[in-house]
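Colleague: Here's a structure for you.
2 protein chains.
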Amino acid sequence: MQSAEHPSRTARGRAAAGEPRPRFDTLTVPKASDVLAAEVRERILSGEFTEGMALPPERQLVEQTGLSRATVREALRVLEVERLLEIRPGRGGGAFVHRPGRESLANTVRLVIRGQRIRLEDLHETREAIEPACAALAARRRTDADLAELDDAHAELVAAGDDIQRFLRANIHWHNAVARAGENELLIGFMSALSQSIHAATDIEQFMDADIRKLTARAHARITEAIRDRDSEAAMRRMTRHVCGFAQAAAEVDRRDGVELTDPEN
Amino acid sequence: MQSAEHPSRTARGRAAAGEPRPRFDTLTVPKASDVLAAEVRERILSGEFTEGMALPPERQLVEQTGLSRATVREALRVLEVERLLEIRPGRGGGAFVHRPGRESLANTVRLVIRGQRIRLEDLHETREAIEPACAALAARRRTDADLAELDDAHAELVAAGDDIQRFLRANIHWHNAVARAGENELLIGFMSALSQSIHAATDIEQFMDADIRKLTARAHARITEAIRDRDSEAAMRRMTRHVCGFAQAAAEVDRRDGVELTDPEN
DNA sequence: CGGCCTCTTTGGCTGAACCATTCAACACAG
DNA sequence: CTGTGTTGAATGGTTCAGCCAAAGAGGCCG
Chain A
15 MQSAEHPSRT
25 ARGRAAAGEP
35 RPRFDTLTVP
45 KASDVLAAEV
55 RERILSGEFT
65 EGMALPPERQ
75 LVEQTGLSRA
85 TVREALRVLE
95 VERLLEIRPG
105 RGGGAFVHRP
115 GRESLANTVR
125 LVIRGQRIRL
135 EDLHETREAI
145 EPACAALAAR
155 RRTDADLAEL
165 DDAHAELVAA
175 GDDIQRFLRA
185 NIHWHNAVAR
195 AGENELLIGF
205 MSALSQSIHA
215 ATDIEQFMDA
225 DIRKLTARAH
235 ARITEAIRDR
245 DSEAAMRRMT
255 RHVCGFAQAA
265 AEVDRRDGVE
275 LTDPEN
Chain B
15 MQSAEHPSRT
25 ARGRAAAGEP
35 RPRFDTLTVP
45 KASDVLAAEV
55 RERILSGEFT
65 EGMALPPERQ
75 LVEQTGLSRA
85 TVREALRVLE
95 VERLLEIRPG
105 RGGGAFVHRP
115 GRESLANTVR
125 LVIRGQRIRL
135 EDLHETREAI
145 EPACAALAAR
155 RRTDADLAEL
165 DDAHAELVAA
175 GDDIQRFLRA
185 NIHWHNAVAR
195 AGENELLIGF
205 MSALSQSIHA
215 ATDIEQFMDA
225 DIRKLTARAH
235 ARITEAIRDR
245 DSEAAMRRMT
255 RHVCGFAQAA
265 AEVDRRDGVE
275 LTDPEN
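Residue numbers (my numbering), protein chains in the order written: chain A, 15 to 280; chain B, 15 to 280.
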């Protein structure tokens, strides 16, 4: 700061002589821990640090970087939050490179959905965009194992009967199985996060009555058949109808709830 | 550990007497900074801490929590990475609650895409699922301002001529404008991350020849028209054709490159 | 009154030390 | 020789005390 004020005075004298001075943009000073984190992040993402590789222990990083331990720890912590490192305590522990899997993709997306307070309608619309595509891909790429899982999930759904919690678990399981059969990691992650978020945000007990459950089971069966026949057109069409129907039903209940629940509050 | 071995001996004696012993699961000890981070995170997400609200300064948090400053700082750092806090130094600074916007949604998704090394085909497939839906929504919900932005972006695209970088910027801008017109925050974030990631991953100079540029401009024009006419069917159909065509062209070039570029390496 | 200076508040960073967990090596009893 | 308990070392987790740097607040002097 002082070294920035000081020259400005002398420079003003020169400016009076008509000589143009160089222009400096307001420069941003990054935090030390961010610098280290960025360095390590790049080396992980570039593939220089491979999955499972152990970083040097903290105290050694302190030596090598010239930073303090707190700073090094902050950097490691940042990368742990970003799921690029996994840190284990104790002897033989340390920071290990970890290329996150589909689970953490789903977790991240879910956190973002919650953090941004995305509207439920937005979630439904997004699902209407994504899930039919998943069904279409599933129909093209399904293996027999995928099919078996779909059948299992559907059997469980039917077997659930009036046990709503069991029904809902089987429902999510079936939807995730469709996404997995599509073999697209990104769509799998999105769908997983979406279905969980929608499930969590919907007061689902309210409208999961016997009729809707029956309708759901029929729709799943027909979609599963299309996937079995590798008929991606039909799978997509039927899935579109299924999720749109669900969204409408949810909106219906939500509107009723809106009247019941938000009025007394205000 | 010792307290777990010790009783086992005395208990073994009792077990011989046929009396079942209680079973302990391996218990997990959370880190102090995680506990604090979780606490603050919940209070932000639940709405108790509102946007822009200032948390107490670090030293005061140290008093109130009974933790050390390093621990408190780690917790705040975690929340900063999750974009739930914004931390500013200097007097009048501190930790401020920050509900992340669409920019950080896109950033997060982009990081995940890169971190997981999602395949380019997966990106294209996901885009083929999402962007037509965006176009359909845009046709239904567009305002005149949205339309103006689309027209601007298209004009810029046409004006770019042979300046490929300028063309590409205008291209991304137009695609983002479509998403924004759809008014779905989640889709906006996904699309923004997708188009940037695809752009970054495609060796785009290679196949963005004059023909493709002309084709792109025509497609954009026709889609913009559909959105102007609020014809969501047409918008969706044309967008599907557009992005599929792009994906095929990219795959074509990629295959050619694959032969050229990966052979010499091996 | 306005510009400058100093003071205070706040985050950023350091260093040293101690605690907790885990694993490996080793010594000792059976 | 075997297995079992003990000890020690490596490593992350936490604390404490302190200094530095940035940035606003308020007073002081021209």
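Built from N, CA and C at the ideal position, the CB exists for glycine as well. Fair warning: this is a prediction, and the values are worked out from it, not measured in the lab.
Can we count A:Glu88 as close to the ligand GTP, meaning its CB is less than 7 Å from some heavy atom?
Modeller: Summarising the ligand content, the structure contains no ligands, and the ligand GTP is consequently not present.
Colleague: Could you round the C-beta distance between B:Arg191 and B:Phe181 to whole angstroms and report it? I think they count as a contact, below 8 Å.
Modeller: Correcting the residue identity first, residue 191 of chain B is Ala in this sequence and not Arg. Not quite, the Cβ-Cβ distance comes to about 15 Å (not below 8 Å), so this is no contact.
Colleague: Can the beta-carbon of A:Ala152 be found closer than 8 Å to that of A:Ala120?
Modeller: No. Outside cutoff.
Colleague: Helix, strand or coil: which one does DSSP assign to A:Gly108?
Modeller: Strand at A:Gly108.
Colleague: Please compile the residues from chain A whose C-beta is within a distance smaller than 9 Å of the C-beta of B:Pro114.
Modeller: The contacting residues are Val126, Gly129, Gln130.
Colleague: Quick check on DSSP: helix, strand or coil for A:Glu19?
Modeller: Only weak support is given to the placement of A:Glu19: the predicted model assigns it a pLDDT of 36, under 50, and the question is left unresolved by the model.
Colleague: Label B:Asp223 either buried or exposed according to how many other C-beta atoms from any shown protein chain fall within 10 Å of its C-beta, with 16 as the threshold for buried.
Modeller: Result: exposed.
Colleague: Give the secondary structure of A:Glu100 by DSSP, where H, G and I count as helix, E and B as strand, and everything else as coil.
Modeller: The answer is strand: DSSP assigns A:Glu100 an E or B state.
Colleague: Quick test of your reading: A:Leu99 and A:Ala109, contact by CB under 8 Å. State the CB separation rounded to the nearest angstrom.
Modeller: Indeed, because the Cβ distance is near 5 Å, the residues count as touching under 8 Å.
Colleague: Using beta carbons (cut-off 8 Å, strictly below), is B:Asp136 in contact with chain A?
Modeller: So yes, B:Asp136 belongs to the interface.
Colleague: Using 8 Å as the limit for Cβ to Cβ distance, is B:Val92 near chain A?
Modeller: For B:Val92, the answer is yes, since a Cβ of chain A falls inside 8 Å of its Cβ.
Colleague: Report, in whole angstroms, the separation of the C-beta atoms of A:Ala207 and A:Arg124, which I expect to be a contact under 8 Å.
Modeller: 4 Å between Cβ atoms; contact.
Colleague: Under 8 Å between the Cβ atoms of A:Val54 and A:Glu72?
Modeller: No, the Cβ-Cβ distance between A:Val54 and A:Glu72 is not below 8 Å.
Colleague: Given that A:Asn198 touches chain B, what residues does it touch there, using C-beta distances under 7 Å?
Modeller: The contacting residues are Asp136, Glu139, Thr140.
Colleague: I need the straight-line Cα distance from B:Ser60 to B:Glu88, nearest angstrom please.
Modeller: The straight-line gap from Cα to Cα measures roughly 22 Å.
Colleague: Enumerate in chain order the residues of its own chain whose CB-to-CB distance from A:Val172 is below 6 Å, with the five nearest sequence positions on each side excluded.
Modeller: Excluding sequence neighbours, A:Val172 sits near Ala231.
Colleague: Are the C-beta atoms of A:Ala215 and some chain B residue less than 8 Å apart?
Modeller: Taking Cβ atoms only, chain B never reaches closer than 8 Å to A:Ala215, which makes this a no.
Colleague: Roughly how many angstroms separate the alpha carbons of A:Arg102 and A:Val95, rounded to a whole number?
Modeller: Those two C-alpha atoms are separated by around 14 Å.
Colleague: Pairing CB atoms from the stretch 133-148 of chain B with CB atoms from the stretch 126-146 of chain A, are three or more of them under 8 Å?
Modeller: Counting Cβ pairs under 8 Å, three or more are found: they touch.
Colleague: Is A:Ile212 close to chain B? Criterion is C-beta to C-beta, closer than 8 Å.
Modeller: Judged by the 8 Å Cβ criterion, A:Ile212 is not in contact with chain B.
Colleague: According to the Cβ coordinates, are B:Leu201 and A:Glu139 closer than 8 Å?
Modeller: Yes, the Cβ-Cβ distance between B:Leu201 and A:Glu139 is below 8 Å.
Colleague: Could you round the C-beta distance between B:Arg244 and A:Val92 to whole angstroms and report it? I think they count as a contact, below 8 Å.
Modeller: Actually they do not touch by this definition, with Cβ atoms about 46 Å apart.
Colleague: To the nearest angstrom, report how far apart A:Gln179 and A:Leu137 are at their CA atoms.
Modeller: Roughly 22 Å separates the two Cα atoms.
Colleague: Using a C-beta to C-beta distance shorter than 8 Å, which residues of chain B count as neighbours of A:Leu98?
Modeller: Within chain B, the residues near A:Leu98 are Gly129.
Colleague: When you compare the CB of B:Val172 with every CB in chain A, is at least one pair closer than 8 Å?
Modeller: It does not: the Cβ of B:Val172 has no partner Cβ on chain A nearer than 8 Å.
Colleague: Taking Cβ positions, are B:Glu65 and B:Val111 nearer each other than 8 Å?
Modeller: Their beta carbons are under 8 Å apart, which means B:Glu65 touches B:Val111 by this criterion.
Colleague: Within 8 Å of any Cβ in chain B, is that where the Cβ of A:Val273 sits?
Modeller: Any reading at A:Val273 needs caution, since the residue's pLDDT is 45, under 50, leaving its predicted position unreliable; the model's value is listed next. With 8 Å as the cut-off, A:Val273 does not count as an interface residue toward chain B.
Colleague: Cα separation between B:Val267 and B:Phe260?
Modeller: Approximately 11 Å between the Cα atoms of the pair.
Colleague: Could you please give the first and the last residue of the uninterrupted alpha helix (DSSP H) stretch that includes A:Ile309?
Modeller: What the structure shows of chain A is the stretch from 15 to 280, and residue 309 of chain A is not part of that stretch, so it cannot be assessed.
Colleague: Could you check whether the Cβ of B:Glu163 sits closer than 8 Å to any Cβ belonging to chain A?
Modeller: No, B:Glu163 does not count as interfacial toward chain A.
Colleague: Quick check: is the beta carbon of B:Glu88 nearer than 8 Å to any beta carbon in chain A?
Modeller: At least one chain A Cβ lies under 8 Å of B:Glu88.
Colleague: Determine whether the beta carbon atoms of A:His256 and A:Ile237 lie at a separation below 8 Å.
Modeller: Yes; because the gap between Cβ atoms is below 8 Å, this pair is in contact.
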